[in-house]
Amino acid sequence: MASLELQKIHELRGRVRFRAPVLYRAFHLKDYLEGVLFRNGHIKKVKVNPLTATILLVFKPDIPIEKIEAELKSYLEKLPSPSEVKKLKSEAKPVVASLKEDGPPWHTMPVEEVLKLLGTDKEKGLARKTYEKLLQKYGPNILPEITPRTGWEIFFEQIKSVPVAILGVAAGISLFTGGIIDAVAILCVVGLNAYIGYKTEAEAERTISSLKKLLHPEALVIREGKVHRVPAETIVPGDIFLLRPGDYVPADGRIIEAERLSIDESALTGESLPVVKTEKPLPPNETYPLADRVNMCFMGTLVLGGHGKAVAVATGKDTEIGRIQLSLAEARPPETSIEKQLDEMGTKLVVLSGALCGAVFVLGVMRGFGFLEMLNTALSLAVAAVPEGLSTVATTTLALGVREMKKENIVVRRLSAIEALGSVQVMCLDKTGTITENRMTVTEVSCGKSYKPKDLENRYLNFSPAPQILFEEAQDELLSLLAVCVLCNESEVVKNGEKLSFRGTPTETALLEIAFKAGLDIEALRKAFPRVRIVHRAENRLYMVTVHSLPSGKFLYAIKGMPTQVLGLCGQVLKGGRLYPLDEEERIELTNLNDQLAVRGLRVLGVAFGISDDPEIDLDLKGEAPWCENFVWLGFVGMEDPIRPGIKDLISLLHQAGIRTVMITGDQAPTAYAIGKAINISGQDELVILDSSDFSHLNPEAFKGLLKRVSVFSRVSPADKLRIVQAFQDLGLKVAMTGDGINDIPALKAADIGVTTGSGTDVAKEVADIIIEDDQLGTMVLAVEKGRIIYKNIRKSLEFLLSTNISEIMVSVSANLAGLGQPLNQMQLLWINLVTDVFPGLALSLEPAEPGIMKEPPRDPQKPIMDTNDFKRLSLQASVISGASLFPYVYGLVRYGRGPKASTLSFLSLTASQLLHTLNCRSEKLTFLENSALPKNPHLAKCMWGTAAAHSLFFLPPIRKVLGLSPLGLIDTVLVAATSFGSLFFNAFLKKVIREGHL
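For the sequence shown, this note's numbering assigns the number 2 to the initial residue and increments by one for each residue that follows.
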């Protein structure tokens, strides 16, 4: 069959291009075919070009081309029709590629086996020729970029709506029939709408680009036995690279040497605490999440402490961050409700206008009117049926919202995203870096009594104790504890003029910060007790010890670490400046205190010290016995990753707005539970937490059932976040996702609205819909409120525009059916639509929030923007307005006959009635007589005065001539005023009757 012809144009290993005539100009098949081919598991990249009828496929090199060709033919033999494709798109859920893993399990292999498999040497690295071959094979170590929208793409998105299309056709017909002025006027409206949308979205794109960090990282690599500093993009698999504090890991690597090496992987895994690395292989036959692969390092993470060496096992798109970014190709962000509903509205208007125009045209020709005359009449109805102001009002309302949010440090990347926030029902909040600040802070010190940070402020300022009273003759357990926190610490003091800062792991910098806050001179203290030995935490020794010289010639052992183990090392306790034996009752009491702190979700450290003549004491814990009776317990230090200011208030306001909040984190369950409790994430409901290990094996239906109760998800991976977001969407809920790390990217993309912070990763900014520049998530409530206001205001504008446009149709159709001629000519209808409709509609779109808007539940996103009841109500309003125009027209026909006088009466009555109708559209429930309960809208007053001023141009003869108007007498003027105000009061009465349920 010719339609199934498939011609191979060219092929390479892992790449082939076909020509399929069936795809020529089949634009409806492009997205469908790219999607199904990408998801078959073999194909990495798909590009379908309907203009050339070609398909480019990039697939795994080990897959035979014959198999790829056979699969492609099978898809081409069962291509869906355009209507089927449209149905599939409407039913499709946002999909993101599962983050599968390929390649050997590097984390379970011994170092020697890894090096052998990669063909490299631990000490010498790669040879130059080998490196060049590998660079040619794998290419540069860069991540795939997300292509930004071009200016033309942004522009054409503004003019693809159905109402704009029908206006373009109307302008073309006007031009063809000689109505150049009419055509120009219509096209000006279309062009203005497109320009506003283009400028706003293009400005948002530029803002996103300006937020990116222009990083050009470098790395230390070993090649041919020498250390070289090279651009990170030149690294290839097999390269040996060094890891130093402050360095970003340049590629995914297997650790081959680790000396106190700790890496912050929070941007990838969500874990707030740094991960201590080792070179030892992990046991095989087990599944290890990224956070548990302690012998691996990952591209884009940050080295915090120690040093090490790793061999690159993956670069560029094959790294973990690369996999995540590639998965964005499958992430389909759903349309927002306003986009869908305005499209539906446009379609309904096209059907309505087409039917009416056709009926009037046929009826007129059958009655003997001229073809050109009836064509102009039908064209007038087409102009009347499509509210030119609709797209302008919607776009401008959203654009003004975007600009207003920018003043609040919120960048809206998509014009309609701010509106979509108004329909969000579930807000998923990533914990690390979003709810919290991603830095450790000491919140409590317990040594005999409990101290909060404010209790310690400047407590020891200008206090220079003799060295012996700190330890050898200790008199103040709090002072001794803070001194140990300074000494048993590898973080560095960085001076910048008179200011001090600290560089190291978050935990150790937090300890220095609390000591500095208490007034200790950190540098003087370290100088008085020079360090002679360090013993770092080990797998079976979860504490750190530093050994220092004392002026007496003895040695100080400063200890911090896991409280239960540190407590097991001690035989005494310092209380009230005196030493006491650490008996069993005291140990039980201290253990209970540790449990109380841990249950609150704090990271708890035990602190102790000892004095010895021997600097080389064996530090391993021997059973239950204390290793030296003279070592002294000082107390506990409790730390937490601080919650960002305003988060609890944010959660409370979201709950008041009927929005459910869910926290997603990579942290352990106790920490997650404590933070969830602190910010009241579950509101009035019981706080239920679910760990990834408890839901990873559940089927989709069981998992969705659990979602209804769970408020906190712990130990989640990027794929888990995707699953959570998509499961909520499967329940029919609109989901917003906040996150700033690499691990949040797929979920941000798949969510209905993705929100990130200004300090977030570049790739997060690329895919997010909203960026909070100042990292203050409390302004999210403002965004939600603005979204609700915008939606309500668009409905108000729609109520005005549709009721007035329907009234124009009723006037024209009723008069034609009754044989009364055409009351309104084309230029009069265009004047009404451009002046009387657009500007009041814009003023209504700027209405301030009605009282209680943030105490209403989210609107149903499935409900159309205007339902059947709304159209019934609008039809009643339009009937009243059209009656106010037809009555003076009939009066004019009786008194003056068919001509400009009668047309003028109809035109002025209609414009005045429509303008006054604006007052009734300020609220969906309140009438204009009850508007005192609403906030003032200065834009509306300006608009009404401005529109009235524009109508004063009717006194100018040239304007009257263009519009076909005649001067009116006193009685005529009184009649116009009476019918106009009569329609205002009668519509107010109807609104009250409908509100009270009597109609």
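Ideal Cβ positions, reconstructed from N, Cα and C, are used throughout, including at glycine. Note that the coordinates shown come from a computational prediction; the quantities given were computed from them, not determined experimentally.
query	result
Is residue 975 buried or exposed, if buried means 16 or more other CB atoms sit within 10 Å of its CB?	exposed
Between which residues of its own chain and residue 20 is the CB-CB distance below 6 Å, once the five residues before and five after are set aside?	8, 10, 54 and 55
Excluding five sequence neighbours on each side, which residues of the same chain lie with their C-beta closer than 7 Å to the C-beta of residue 640?	441, 442, 443, 444, 508, 511, 603 and 604
In three-state DSSP terms, what is residue 426?	coil
Could you please give the first and the last residue of the uninterrupted beta strand (DSSP E) stretch that includes residue 242?	241-244
Quick one, which of 781, 600 and 756 has its alpha-carbon nearest residue 651's?	781
Give every residue of the same chain whose Cβ lies closer than 8 Å to the Cβ of residue 225, excluding the five residues on either side of it in the sequence, and list them in chain order.	125, 126, 127, 128 and 129
Buried or exposed: which applies to residue 214, given that a residue is buried once 16 or more other Cβ atoms fall within 10 Å of its Cβ?	Here the model assigns residue 214 a pLDDT of 46, short of 50, so the residue's position is not dependable and the matter cannot be decided.
Is the distance from the Cβ of residue 228 to the Cβ of residue 240 below 7 Å?	no
Would you say residue 297 and residue 108 are within 7 Å of each other, going by their C-beta atoms?	yes
Span of the beta strand (DSSP E) holding residue 953?	Taken as a continuous stretch (DSSP letters only), residue 953 belongs to no beta strand (DSSP E), as it is neither H nor E.
Once you ignore the five residues that flank residue 947 on each side, which residues in its own chain have a CB closer than 7 Å to its CB?	840
Using CA atoms only, rank isn't needed, just tell me which of 471, 842 and 973 is closest to residue 791.	842
Counting C-beta neighbours from all protein chains within 10 Å, is the total for residue 712 16 or more, i.e. buried, or is it exposed?	buried
At what residues does the beta strand (DSSP E) containing residue 645 begin and finish?	Residue 645 -> no beta strand (DSSP E), and no H or E assigned at all.
Taking 7 Å as the limit between beta carbons, can you name the residues of its chain near residue 238, skipping five residues before and five after?	119, 135, 139, 313, 314, 315 and 316
What residue range is occupied by the uninterrupted beta strand (DSSP E) comprising residue 496?	493-497
For residue 681, which of helix, strand or coil comes out of DSSP?	coil
How do the region 589-608 and the region 670-678 stand: do at least 3 beta-carbon pairs fall below 8 Å, yes or no?	yes
Given a threshold of 16 other Cβ atoms within 10 Å of its Cβ, counted over all protein chains shown, does residue 775 qualify as buried or as exposed?	exposed
Quick check: the region 963-978 against the region 813-832, are at least 3 beta-carbon pairs closer than 8 Å?	yes
Please report whether the beta-carbon of residue 246 lies at a distance below 7 Å from any beta-carbon of chain C.	Absent here is chain C; the protein component of the structure consists of one chain.
Go through its chain and collect everything with a Cβ distance to residue 70's Cβ below 8 Å, but skip five positions before and after it.	7, 9, 17 and 19
With distance defined between alpha-carbon atoms, name the residue in 798, 691 and 673 nearest to residue 875.	798
Where does the unbroken beta strand (DSSP E) through residue 811 begin, and where does it stop?	Run containing residue 811: none in the beta strand (DSSP E); it sits in the alpha helix (DSSP H), 781-818.
Thinking just about the alpha-carbon of each residue, which of 469, 819, 460 and 647 is nearest to the one in residue 368?	819
Where does residue 12 fall in DSSP's three states?	strand
Take the Cβ of residue 757 as the centre, count every other Cβ of all protein chains shown within 10 Å, and call the residue buried at 16 or more, exposed below.	buried
Please confirm whether residue 562 and residue 575 have their CB atoms less than 7 Å apart.	no
Within its chain, find whatever has a CB closer than 6 Å to the CB of residue 969; leave out the 5 residues flanking it on each side and keep chain order.	none
What would DSSP say about residue 232, mapped onto helix, strand or coil?	strand
Taking the Cβ atom as the reference point for each residue, do residue 610 and residue 472 lie within a distance shorter than 7 Å?	yes
Can you look up residue 447 in the DSSP assignment and give me helix, strand or coil?	strand
For residue 534, which three-state DSSP category applies?	strand
Let me check understanding here. Comparing Cα to Cα, which of 520, 534, 923 and 503 lies closest to residue 489?	534
Compute the distance between the beta-carbons of residue 252 and residue 270, then report whether it is under 7 Å.	no
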